[in-house]
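Student: Please see the structure below; I have some questions.
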């Protein structure tokens, strides 16, 4: 960087890039506290990001959060649709994460059998 103007151009480009990533309003949130990581959340997060990339989906943000309070059900993934509807997936692994991308993100059908509603608490 050689000038303040160049810095502002970089900043504006970054803002545009970040807003373009979440145009649909869909978000995926992965529980990445120590309980989630110990249960295998890192490979789940990696699988989600890679599957979205393979399928050319770049309008869904994938973020991490801390503990969701259900440690025995980790790894936990929440999919939040554009209208605010949330589906919580539990006991995830990389293959289940790929399925969530294919069925929920791409085709708009929640994977009920992977959700907290079907989990035995």
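In the numbering used here, the protein residues as written are -12 to 108.
For glycine and all other residues, C-beta sits at the position ideal for the given N, C-alpha and C.
Just to confirm the assignment, what range does the alpha helix (DSSP H) spanning residue 29 have?
Tutor: Against the chain shown, residue 29 aligns to sequence position 42. It spans 28 to 41 - the alpha helix (DSSP H) in which residue 29 sits, taken as one unbroken run.
Student: Taking the alpha helix (DSSP H) that residue 86 falls in, what are its first and last residues?
Tutor: Your numbering for residue 86 matches position 99 in the chain shown. Taken as a continuous stretch (DSSP letters only), the alpha helix (DSSP H) holding residue 86 covers 81 to 87.
Student: Could you tell me the alpha carbon to alpha carbon distance between residue 32 and residue 0, rounded to whole angstroms?
Tutor: As a first step, residue 32 must be located in the chain shown, where it is residue number 45. As a first step, residue 0 must be located in the chain shown, where it is residue number 13. So the two alpha carbons sit approximately 26 angstroms from each other.
Student: Rounded to a whole number of angstroms, what is the C-alpha to C-alpha distance between residue -7 and residue 2?
Tutor: Position 6 of the chain shown, counting from 1, holds the residue named residue -7. Position 15 of the chain shown, counting from 1, holds the residue named residue 2. Distance between the alpha carbons of residue -7 and residue 2: 14 angstroms.
Student: List the residues that DSSP assigns as beta-bridge partners of residue 65.
Tutor: For the purposes of this step, residue 65 is taken as residue 78 along the chain shown, with counting starting at 1. Answer by DSSP bridge pairing, in chain order: 16 and 75.
Student: Could you check whether residue 20 and residue 53 sit closer than 7 angstroms to each other, using their CB atoms as the reference points?
Tutor: For the purposes of this step, residue 53 is taken as the residue at position 66 of the chain shown. For the purposes of this step, residue 20 is taken as the residue at position 33 of the chain shown. For residue 53 and residue 20, yes; Cβs fall inside 7 angstroms.
Student: Have a look at residue 62 and residue 15 and give me their C-alpha separation to the nearest angstrom.
Tutor: Here residue 62 is taken as the residue at index 75 of the chain shown, counted from 1. Here residue 15 is taken as the residue at index 28 of the chain shown, counted from 1. Whole-angstrom Cα-Cα distance: 13 angstroms.
Student: Count the other CB atoms, across all protein chains shown, that sit within 10 Å of the CB of residue 75; report buried if there are 16 or more and exposed otherwise.
Tutor: Against the chain shown, residue 75 aligns to sequence position 88. It is buried - the Cβ of residue 75 has at least 16 other Cβ atoms within 10 Å.
Student: Is residue -5 buried or exposed, if buried means 16 or more other CB atoms sit within 10 Å of its CB?
Tutor: As a working note, residue -5 is residue 8 in the chain shown. Looking at its Cβ environment, which holds fewer than 16 other Cβ atoms inside 10 Å, residue -5 is exposed.
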